[in-house]
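Each residue of the sequence shown is one higher than the one before, starting from 698 at the first, in the numbering used here.
Every residue, glycine too, gets a C-beta built ideally from N, C-alpha and C.
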Amino acid sequence: MLEGIAPILFTPFDENGDIDADGLRAIVRFEVDGGVHAIGINGFASEAYKMSDDERRQTVEIVASELAGALPLVIGIAPNSTEVAVQQARQFAAYQPAALMTLPPPTMDNGAGALVEFYVELGMATEVPIILQQAPHIPQYRHSELSAEALAEIADRAPNVLYYKLEGPGSASKMRELKPLLPDDRKMFGGGGGITVLDELRNGAAGLIPGVGFNEIFLAAWDKWKAGHIAAAEAIILNGAPLTQAVSGKGHEYSLHMRKQLMKRCGAIHSANVRRPTIDFDECNLTAFFAIVDELDLRVAINN
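If you want it as structure tokens, here you go:
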């Protein structure tokens, strides 16, 4: 089963806004070489919500080809109906993913019961394990947050819903509520760039699904945590907290710019282009940001 650090890759775009396939392959190699436990594509961090269906298939093809089975592959989907979710699950099964990280249909608020049935039906329709993703910090998904009891009902009725990615404000508290309600074979993951990873681990998380660029911080902490060296893990996370906060503390779109600027500086990609619409981004902030990076023992630091 999945556990540990499983980053969602960003999608590099060239100056015209087109997918930079070579850049995406380079990001795959960077994270694999860093020792992560799995690789994900087509999540929020990938800007999948700004891409066409064909482009989302293209990114999966690129990542799966470059990964070549070296690590488990997580594919994100964001279907707007149960029927489309089943279609996408069957389509992406060809890439033999370890899991499909699945957002709930966001357009209408049809109540918690409808979302429970969505995940139960999807889980019963595919053999690919499902990661149920809750992202109430993203405006269009705010109304689709489920209670711990509803999440546990899905686990009881859909054995193939094996994982829960809980992020945003209150994620650790939700994990504390949910953990005792889940069967032992279900696992919870944090997200949100790792800002609240310590609280999530304390409340039963089996790992973190972050972005890319500096996951050696989370990998080192995870190794200590798994070995029972809790204080050492906490020290590693706290030492890296200024960088985590600088990247992920000002909202999702801001984090996209920061991660792409970081990977451009280290030569992994040629352009830090973020697809529009996006926030106004002031590159004057980068001097202070890079100073934080270079104080840490990271592969992306210029002294390495």
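Please state if the CB of residue j and the CB of residue i are separated by a distance shorter than 8 Å.
i: Asn739; j: Val757; result: yes
i: Val783; j: Thr823; result: yes
i: Pro769; j: Leu699; result: yes
i: Ala849; j: Leu878; result: yes
i: Met796; j: Tyr860; result: One detail in the question is off: residue 796 reads as Ala in this sequence, not Met. Yes, they are a contact pair.
i: Ile827; j: Val771; result: no
i: Ser968; j: Phe710; result: yes
i: Ile906; j: Gln942; result: no
i: Ala703; j: His734; result: yes
i: Ile716; j: Gln755; result: yes
i: Ala809; j: Ala847; result: yes
i: Ile976; j: Glu992; result: no
i: Glu814; j: Arg972; result: no
i: Gln831; j: Glu864; result: yes
i: Glu897; j: Met872; result: yes
i: Leu706; j: Val760; result: yes
i: Gly731; j: Arg996; result: yes
Applying the criterion that 16 or more other CB atoms from any shown protein chain within 10 Å of the CB defines a buried residue, is residue i buried or exposed?
i: Met798; result: buried
i: Thr708; result: buried
i: Glu712; result: exposed
i: Asn900; result: buried
i: Arg753; result: buried
i: Ser868; result: buried
i: Ser749; result: exposed
i: Glu980; result: exposed
i: Pro974; result: exposed
i: Met960; result: buried
i: Asn970; result: buried
i: Met805; result: exposed
i: Pro794; result: buried
i: Ala918; result: buried
i: Asn912; result: buried
i: Ser844; result: exposed
i: Ser952; result: buried
i: Lys923; result: exposed
i: Ile999; result: exposed
In three-state terms, what does DSSP make of residue i?
i: Ile772; result: strand
i: Gly904; result: strand
i: Phe911; result: coil
i: Gly889; result: helix
i: Gly701; result: strand
i: Ile927; result: helix
i: Ile999; result: coil
i: Leu940; result: helix
i: Ala918; result: helix
i: Glu897; result: helix
i: Glu752; result: helix
i: Glu758; result: helix
i: Gln793; result: coil
i: Asp991; result: helix
i: Ala932; result: helix
i: Glu763; result: helix
i: Ala878; result: Reading off the sequence shown, one finds Leu at residue 878, where the question assumed Ala. If DSSP states are grouped into helix, strand and coil, Leu878 belongs with the helices.
Who pairs with residue i in a beta bridge, going by DSSP?
i: Thr779; result: Paired residues: none, contrary to the question.
i: Lys884; result: Tyr860
i: Ile738; result: Ile772
Legend entry - Ranges of the alpha helix (DSSP H) found wholly within the segment 704–736, counting only runs of at least 4: 718–730
Legend entry - Uninterrupted beta strand (DSSP E) stretches inside the segment 947–989 (no shorter than 3 residues): none
Inset, instruction - Can you check the segment 795–875 for any beta strand (DSSP E) of at least 3 residues that lies completely inside it and give the ranges in chain order? - result: 796–799, 827–831, 858–863
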